Each structure stands twice: as structure tokens, then as C-alpha cells.
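A.B. asks:
Residue numbers (UniProt numbering): 1 to 332.
(1) Report the rounded CA-to-CA distance for residue 305 versus residue 101, giving the unit in angstroms.
(2) Excluding five sequence neighbours on each side, which residues of the same chain lie with their C-beta closer than 7 Å to the C-beta of residue 264?
(3) Is it a yes or a no for the stretch 152-161 touching the stretch 234-252, going by three-plus beta-carbon pairs under 8 Å?
(4) At what residues does the beta strand (DSSP E) containing residue 201 begin and finish?
(5) Report buried or exposed for residue 199, applying the criterion of at least 16 other Cβ atoms within 10 angstroms of its Cβ.
(6) Please confirm whether residue 254 and residue 298 have their CB atoms less than 7 Å apart.
(7) So, under 8 Å CB-CB, residue 127 and residue 193 are touching, yes? Tell me the CB distance rounded to an integer number of Å.
(8) Around the Cβ of residue 300, are there at least 16 other Cβ atoms within 10 angstroms (buried) or fewer (exposed)?
(9) Using a Cβ-Cβ cutoff of less than 6 Å, which residues in the same chain neighbour residue 108 once the five nearest sequence positions on both sides are dropped?
(10) Whole angstroms are fine: how far does the CA of residue 235 sit from the CA of residue 221?
(11) Thinking C-beta only, is residue 45 closer than 7 Å to residue 169?
(12) Is DSSP giving residue 220 helix, strand or coil here?
(13) In its own chain, which residues sit with a C-beta less than 7 Å from the C-beta of residue 225, not counting the 5 before and 5 after it?
(14) On a CA-only basis, which of 329, 290, 92, 294 is nearest residue 251? Give me that one, please.
(15) Please classify residue 41: does DSSP put it in a helix, a strand, or coil?
(16) Compute the Euclidean distance between the alpha carbons of residue 216 and residue 232, then round it to the nearest angstrom.
(17) Less than 8 Å between the CB atoms is what I'm expecting for residue 320 and residue 42, so what's the real figure, rounded?
(18) Starting from residue 317, trace the alpha helix (DSSP H) both ways and give me its first and last residue.
(19) Since I believe residue 120 is in contact with residue 324 (beta carbons under 8 Å), could you give me their beta-carbon distance rounded to a whole number of angstroms?
(20) In chain order, what residues of the same chain have a beta carbon less than 7 Å from the beta carbon of residue 83, not counting five sequence neighbours either side?
(21) Report buried or exposed for residue 96, applying the criterion of at least 16 other Cβ atoms within 10 angstroms of its Cβ.
(22) May I ask you to report which of helix, strand or coil DSSP gives residue 120?
(23) DSSP puts residue 17 in a beta bridge; with which residues?
(24) Rank 106, 188, 176 by C-alpha distance to the C-alpha of residue 229 and give the top, closest one.
(25) Which word fits residue 329, buried or exposed, when buried means at least 16 other C-beta atoms lie within 10 angstroms of its C-beta?
(26) Considering residue 180, what are the terminal residues of the alpha helix (DSSP H) in which it resides?
(27) Mind checking who residue 293 pairs with in its DSSP beta bridge?
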């Protein structure tokens with residue numbers, strides 16, 4: 001076995017990586033108030049184990065053998081998703097016209113979606129650890145000794161920025177806020193969809209407002225279900241905090257300003273030597289006077305490399321950092 005494969009075999013199959021993006025300059029000191037800063041955090045969810053993925057592939061191959069000839073390979077749902085993706089990609093290749101304008105508008109709308117929603121959408125509860133039993137069979141098979149082990153998902157965090165108690169409290173607040181927000185979004189966009197019926201009379205051009213409403217409703221539904229799944233993991237104490245020296249080193253090298261730990265909270269705005277380039281105005285009451293960014297964009301390639309994240313995480317991280325900059329008003 002090579003060194004690379006040996007190291008890979010030691011990495012957890014399932015994990016959550018917390019990447020704090022901003023936090024208050026003044027932390028609450030009033031007794032009884034939660035010590036968790038109301039900052040912004042990007043979560044990289046990796047909850048599908050290798051064993052689960054392998055079983056899913058085997059099940060799909062078996063289903064393909066027995067499927068009727070009129071059903072597309074992979075099932076109707078996958079065919080519809082692939083067809084929609086192909087159609088959307090063809091819009092992006094169009095040279096001008098309404099297709100290209102629609103594609104550009106759609107991409108701008110996707111960039112404006114909250115990064116929290118996009119992160120939750122990446123979770124597929126059907127591929128995550130089973131909650132049917134305290135001990136998961138898939139975790140048993142991945143145990144080096146083959147013994148029955150307790151289901152456990154590490155939540156990696158930079159201990160120089162957050163404490164273990166704080167990172168768990170923030171994740172709980174994150175989930176508790178997201179469940180009602182995405183439930184509301186699901187029903188709201190679903191209710192708006194029928195109101196787009198008049199657009200069906202426009203010739204040639206499809207009813208784009210209707211498809212947009214359905215897409216947003218489906219997106220909120222996926223985020224809602226993922227939030228519920230995370231809540232179940234937290235309730236069962238399956239997610240456990242684990243500090244990461246790699247994250248600590250990244251925050252030290254790529255901090256926009258000196259950032260002390262939670263044990264030494266900032267009580268006044270520190271001088272800013274440099275910050276992110278200016279952009280659009282903030283859309284929330286949070287501003288740079290009472291919040292600070294914790295990372296600059298140069299940290300993202302190192303995060304991707306150290307944790308061997310998929311290429312798709314690149315855009316998600318840049319989007320999250322940019323949205324954090326806009327919400328806090330940093331760099332203005």
C-alpha cells in the first residue's frame with residue numbers, strides 16, 4: 001500500500017468542515033446569553049460514506065437490469081434532471097438571443113442564492129449515515145478492527161477562532177433557523193407558480209417564470225429536508241466537534257487582520273491594513289463596524305488542497321466569502 005493510499009484510508013469517510021467567515025468584534029458577556037457568536041460560517045458537508053455510495057451504485061446497476069425498456073437508464077427522475085441540465089447548458093452556448101439572456105439571468109440569480117441554502121442542497125439524506133440504529137452497519141464495515149462502533153461524524157473547526165462548544169451551538173442555531181426558512185420558501189414559491197399561467201400564451205418562448213418558481217420551490221425543499229436530517233444528527237449527538245490544526249494554520253496565514261481567539265475577544269475595531277476589494281452595498285444590518293471578516297480569498301485554494309475537496313466546492317467557497325463581505329459591509 002502506498003503512503004497516499006494509507007493516508008486516504010485513515011481519513012474519515014463522513015465529515016463536516018466549518019469555515020467561519022465573519023464574527024462580531026464584541027462577543028456577548030451578559031450572563032445567560034449564548035457564547036456563540038452570531039457570525040457567518042460556511043459548512044462543507046460530506047455525509048455520504050464510501051460504503052453507502054458503493055451500495056447505491058450496485059442497487060442502480062441491479063435496477064437497470066430489471067427496468068422496462070421504455071424507462072431511461074437510471075430512472076425517470078435522473079433522466080429529467082439530466083435533460084434539464086443539458087437544456088440549460090445549451091442555453092449557455094447560444095450566441096445571443098433570448099436563450100443566452102435567460103442563461104445569463106439565471107446564473108446571476110444562482111449567484112445571489114444564499115450560500116447556506118446551496119450548502120444544504122449538497123446533502124443527500126439517502127446517502128448519509130442511517131439513523132435507524134445507534135450503531136450503523138456501514139460504519140461497522142469501515143472499522144479497521146471490524147468491531148461495532150458508535151456512529152460518529154466529526155465537525156472540524158479552527159480552535160483559534162471557535163471553541164468546541166461554540167461551533168456546536170452555532171451549527172444548532174444554523175439548523176434551527178434554516179428549517180422554518182426553507183419550509184416557508186418551499187410553500188411560497190409553490191403557491192406563486194400557478195400565477196405564472198398567463199405567460200403560457202406567449203408564443204415560442206417557454207413559460208420561464210413557471211419553471212423558475214418550481215426550481216426555487218424544489219431548491220428550498222431539498223434544503224429543508226437536509227436541515228431536518230442535520231437536526232436529527234444533532235439530537236442523537238452523532239456530530240462531535242474536533243479541532244483542526246490545518247484550519248488554524250490557514251486562518252493564521254490568510255487573515256485580513258490579526259484575529260485573536262475567543263478567549264481574548266476584540267473590544268474595539270482594530271486598524272485595517274488591507275481588506276477585500278469593494279463591491280455592492282450590504283443587504284443586512286450587520287456592517288463592518290461591529291463585524292470582521294476572518295479570511296481573504298487566497299485561503300480558498302489552500303482549503304481545497306488540504307482537505308482534498310471536490311472541484312465544485314471552489315465556486316461555493318468563493319461565493320460564500322463574497323456574500324459574507326457584502327453582508328458585513330467589509331472592504332467598503
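Don't be surprised by glycine CBs; every beta carbon is placed ideally from N, CA and C. The structure displayed is predicted, hence computed values, not measured ones.
C.D. replies: Short version:
(1) Rounded to whole angstroms, the separation of the alpha carbons of residue 101 and residue 305 is 35 Å.
(2) Here residue 264 scores only 45 on pLDDT, less than 50, and its place in the model is too uncertain to base an answer on.
(3) Contact between the stretch 152-161 and the stretch 234-252 is established, with three or more Cβ pairs separated by less than 8 Å.
(4) Where residue 201 is concerned, there is no enclosing beta strand (DSSP E), because DSSP gives it neither an H nor an E.
(5) With fewer than 16 other Cβ atoms within 10 Å, it is exposed.
(6) Yes. Within cutoff.
(7) Between residue 127 and residue 193 a beta carbon distance of about 28 Å is seen, past the 8 Å cut, so the two are scored as non-contacting.
(8) With 16 or more Cβ atoms within 10 Å of its Cβ, residue 300 is classed as buried.
(9) Around residue 108: no qualifying Cβ.
(10) Between the alpha carbons of residue 221 and residue 235 lies a distance of about 21 Å.
(11) In this structure, residue 169 lies away from residue 45, with their beta-carbon atoms at least 7 Å apart.
(12) Assignment of residue 220 by DSSP, reduced to helix, strand and coil, places it in the helix class.
(13) Taken in chain order, the residues that qualify are 125.
(14) Nearest C-alpha to residue 251: 294.
(15) Here residue 41 sits in strand by DSSP.
(16) Note on geometry: alpha-carbon atoms of residue 216 and residue 232 lie some 25 Å from one another.
(17) Cβ atoms of residue 320 and residue 42 come within 8 Å of each other, at about 4 Å.
(18) Looking at the DSSP string, the run of the alpha helix (DSSP H) that includes residue 317 is 312-328.
(19) Between residue 120 and residue 324 the Cβ distance is about 17 Å, and since that is not below 8 Å, they are no contact.
(20) Nothing listed; no residue qualifies.
(21) By the neighbour-count rule (16 or more Cβ atoms within 10 Å), residue 96 is not buried but exposed.
(22) Helix, per DSSP.
(23) Partner residues in the beta bridge of residue 17, as assigned by DSSP, are 44, 156.
(24) When C-alpha distances from residue 229 are compared across 106, 188, 176, the shortest belongs to 176.
(25) Looking at its Cβ environment, which holds 16 or more other Cβ atoms inside 10 Å, residue 329 is buried.
(26) In the DSSP assignment, residue 180 falls within the alpha helix (DSSP H) that extends over 164-192.
(27) As DSSP reads the structure, residue 293 sits in a beta bridge with 22.
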